[in-house]
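Asker: Quick one: this structure, given as structure tokens, is what I'll be asking you about.
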Amino acid sequence: MNEEGQIEENSGSDDLYEHYSFTASKGQEPLRVDKFLMNFVENATRNKVQQSAKNGNVFVNGIAVKQNYRVKAGDEVKVLFEHPPYENLLTPENIPLEVVYEDEALLVVNKSAGMVVHPGHGNYSGTLINALIYHFDNLPNNSSERPGLVHRIDKDTSGLLVVAKTENAMAYLTQQFFHKTSEREYVALVWGNVEDDEGTIEGNIGRNPKNRLQNMVYEGDEAENGKPAVTHYKVLERFGYVTLVSCKLETGRTHQIRVHMKYIGHTLFNDERYGGERILKGTSFTKYKQFVDNCFKVLPRQALHAKTLGFEHPITKKWMSFNTDIPEDMQKCIEKWRSYAKNQKEVL
Numbered sequence: 010m011n012e013e014g015q016i017e018e019n020s021g022s023d024d025l026y027e028h029y030s031f032t033a034s035k036g037q038e039p040l041r042v043d044k045f046l047m048n049f050v051e052n053a054t055r056n057k058v059q060q061s062a063k064n065g066n067v068f069v070n071g072i073a074v075k076q077n078y079r080v081k082a083g084d085e086v087k088v089l090f091e092h093p094p095y096e097n098l099l100t101p102e103n104i105p106l107e108v109v110y111e112d113e114a115l116l117v118v119n120k121s122a123g124m125v126v127h128p129g130h131g132n133y134s135g136t137l138i139n140a141l142i143y144h145f146d147n148l149p150n151n152s153s154e155r156p157g158l159v160h161r162i163d164k165d166t167s168g169l170l171v172v173a174k175t176e177n178a179m180a181y182l183t184q185q186f187f188h189k190t191s192e193r194e195y196v197a198l199v200w201g202n203v204e205d206d207e208g209t210i211e212g213n214i215g216r217n218p219k220n221r222l223q224n225m226v227y228e229g230d231e232a233e234n235g236k237p238a239v240t241h242y243k244v245l246e247r248f249g250y251v252t253l254v255s256c257k258l259e260t261g262r263t264h265q266i267r268v269h270m271k272y273i274g275h276t277l278f279n280d281e282r283y284g285g286e287r288i289l290k291g292t293s294f295t296k297y298k299q300f301v302d303n304c305f306k307v308l309p310r311q312a313l314h315a316k317t318l319g320f321e322h323p324i325t326k327k328w329m330s331f332n333t334d335i336p337e338d339m340q341k342c343i344e345k346w347r348s349y350a351k352n353q354k355e356v357l
């Protein structure tokens, strides 16, 4: 299966590269492997998955299987090909970067919304990594063999990222993120009127077994299916049907703010993956629907910006803090809601 869900080449060789690897959860009911992989792999079709199995590229617990094999709890499902995954084949690209700060050890960039941080399934070019390896030579690899990356943010999230330029900087900065001594503050617009002025969300985060493109909070006996995650939030401004909040991360799980805010009933505004692209709060009036649709058009992505980043410099050991303005698309959306809320108060 290639990164666009194409599953059609013959392995025919003992020298194979792992492209996908999934372990069936404890609650997995017996399910055909072709259907199982369709739930896990973005852009895959059943025909392509079946062809891959016919070609001997699908393995369960180390043994090649056909498409009608039924995956059971605990099974390890892998898709292997003769060529390395495309995301490992990095090509330098002359893509402009907004560099906020740079010295001999590191740089801080302000990533625009829409830019993928590193190549992956369906995104082989135009990423931050492609830009970095064009503009900077000999960036150190992290544990995932990704040059310069200390941490990441989602494609449609804008904001600050620190990039290591030396092996020492990579190790020093990575440890700060691991030990939670770095500082990351995000600004988000969420659906609903957040009840408390501030609070802390704790909940283990892991893959959603029913939708592999989402993560979810696992509770109680199932908590071990996720990894510990802590988000501190504070209300910045209330607009009635939506709320502007600040979120500080104590951990850095994938989609953490998006998952945690949905968990407490406040999905991010226009977060399509988690259901925020629908009207979740408000009235049934046509004018209100038109207003929200206009907000969606102004901000065609989830309302999330990595605004503040702080860390200890790997050489000087001085604390460094960086702050960026909320980008124009998100700011325009906030202004629309601010104006709407003001008008509502005047009517009342």
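Using the working numbering, the first residue of the sequence shown is number 10, and each one after it goes up by one. Here a beta-carbon is modelled for each residue, glycine too, at the ideal position from N, C-alpha and C.
1) Could you spell out the range, first to last residue, of the beta strand (DSSP E) harbouring Thr209?
2) To the nearest angstrom, how far is it from the Cα of Leu170 to the Cα of Thr136?
3) Cβ of Thr166 within 8 Å of Cβ of Ala315?
4) Where does Thr209 land, buried or exposed, given buried means 16+ other C-beta within 10 angstroms?
5) What are the boundary residues of the alpha helix (DSSP H) that Val307 is part of?
6) Is it true that the region 310 to 328 meets the region 188 to 206, where meeting means three or more beta-carbon pairs spaced less than 8 Å apart?
7) DSSP on Val203, reduced to helix/strand/coil?
8) What's the C-alpha gap between Thr175 and Leu277?
9) Does the Cβ-Cβ distance between Leu99 and Val126 come in under 8 Å?
10) Residues bridged to Trp346 by DSSP?
11) Is the region 341 to 349 in contact with the region 213 to 221, if contact means three or more CB pairs nearer than 8 Å?
12) Between Lys236 and Arg262, which are expected to be in contact by the criterion C-beta below 8 Å, what is the C-beta distance as a whole number of angstroms?
13) Using the DSSP secondary-structure output, state which residues sit across from Arg155 in a beta bridge.
14) Skipping 5 residues on each side, what residues in its chain have a beta carbon closer than 6 Å to that of Pro101?
15) Could you compute how far the alpha carbon of Thr190 sits from the alpha carbon of Ala232?
16) Using only alpha-carbon positions, find the residue among Gly71, Leu115 and Lys75 that is nearest to Gln60.
17) Just the Cα atoms here: how many angstroms apart are Glu85 and Gly71?
18) Rounded to whole angstroms, what's the CA-CA distance from Val226 to Tyr133? Just pull it up for me.
19) Whose C-alpha, out of His188, Gly285, Val117 and Glu38, is nearest the C-alpha of Val251?
20) Using alpha carbons as the reference points, say which of Glu259, Ile343, Lys81 and Asp146 lies closest to Ala173.
21) Mind checking who Phe331 pairs with in its DSSP beta bridge?
22) Once DSSP output is grouped into helix, strand and coil, what is the label at Tyr29?
23) Is His275 buried or exposed, if buried means 16 or more other CB atoms sit within 10 Å of its CB?
24) Which residue marks the beginning of the beta strand (DSSP E) containing Phe223, and which one marks its end?
Answerer: In short:
1) If you number the sequence shown from 1, residue 209 lands on position 200. Looking at the DSSP string, the run of the beta strand (DSSP E) that includes Thr209 is Glu207 to Glu211.
2) Walking along the sequence shown from the start, residue 170 turns up at place 161. Walking along the sequence shown from the start, residue 136 turns up at place 127. Taking the straight line joining both Cα atoms gives about 13 Å.
3) For the purposes of this step, residue 166 is identified with residue 157 of the sequence shown, where counting begins at 1. For the purposes of this step, residue 315 is identified with residue 306 of the sequence shown, where counting begins at 1. Yes, they are a contact pair.
4) Within the sequence shown, residue 209 is the residue found at index 200, counting from 1. Label assigned to Thr209: exposed.
5) Position 298 of the sequence shown, counting from 1, holds the residue named residue 307. Note, Val307: alpha helix (DSSP H), Thr295 to Val307.
6) yes
7) Indexing the sequence shown from 1 puts residue 203 at position 194. Looking at Val203 - three-state DSSP - the assignment turns out to be coil, as it is neither helix nor strand.
8) Stepping through the sequence shown from its first residue, residue 175 is reached at position 166. Stepping through the sequence shown from its first residue, residue 277 is reached at position 268. C-alpha separation (whole angstroms): 36 Å.
9) Looking up residue 99 in the sequence shown gives position 90. Looking up residue 126 in the sequence shown gives position 117. Their beta carbons are not under 8 Å apart, which means Leu99 does not touch Val126 by this criterion.
10) Counted from its first residue, the sequence shown places residue 346 at position 337. Looking at the DSSP assignment, Trp346 forms no beta bridge with any residue, so it has no partner.
11) no
12) Within the sequence shown, the letter at position 227 stands for residue 236. Within the sequence shown, the letter at position 253 stands for residue 262. Yes, Lys236 and Arg262 are in contact; Cβ-Cβ is about 6 Å, under 8 Å.
13) Indexing the sequence shown from 1 puts residue 155 at position 146. Note: Arg155 sits in no beta bridge, so no partner.
14) By 1-based counting over the sequence shown, the position of residue 101 is 92. Cβ within range, chain order: Ile142 and Tyr143.
15) Here residue 190 refers to the residue found at position 181 when the sequence shown is read from its first residue. Here residue 232 refers to the residue found at position 223 when the sequence shown is read from its first residue. Each residue's alpha carbon lies about 25 Å from the other.
16) As a position in the sequence shown, residue 60 is number 51, starting the count at 1. Checked all of Gly71, Leu115 and Lys75; the closest Cα to Gln60 is Lys75.
17) Reading the sequence shown from its first residue, position 76 is the one you call residue 85. Reading the sequence shown from its first residue, position 62 is the one you call residue 71. Straight-line measurement puts the Cα of Gly71 at about 8 Å from the Cα of Glu85.
18) Position 217 of the sequence shown holds residue 226. Position 124 of the sequence shown holds residue 133. Just so you know, the alpha carbons of Val226 and Tyr133 end up roughly 30 Å apart.
19) Position 242 of the sequence shown, counting from 1, holds the residue named residue 251. Cα-wise, what sits closest to Val251 is Gly285.
20) The count along the sequence shown starts at 1 and reaches residue 173 at position 164. Taking only the C-alpha atoms, the option nearest Ala173 is Asp146.
21) As a first step, residue 331 must be located in the sequence shown, where it is residue number 322. Phe331 is bridged to Leu318.
22) Here residue 29 is taken as the residue at index 20 of the sequence shown, counted from 1. Strand, per DSSP.
23) In the sequence shown, counting from the first residue as 1, residue 275 sits at position 266. His275 should be labelled buried.
24) Along the sequence shown, one-based indexing puts residue 223 at 214. Per the sequence shown, the amino acid found at residue 223 is Gln instead of Phe. Asn220 to Tyr227 is the span of the beta strand (DSSP E), which, as asked, contains Gln223.
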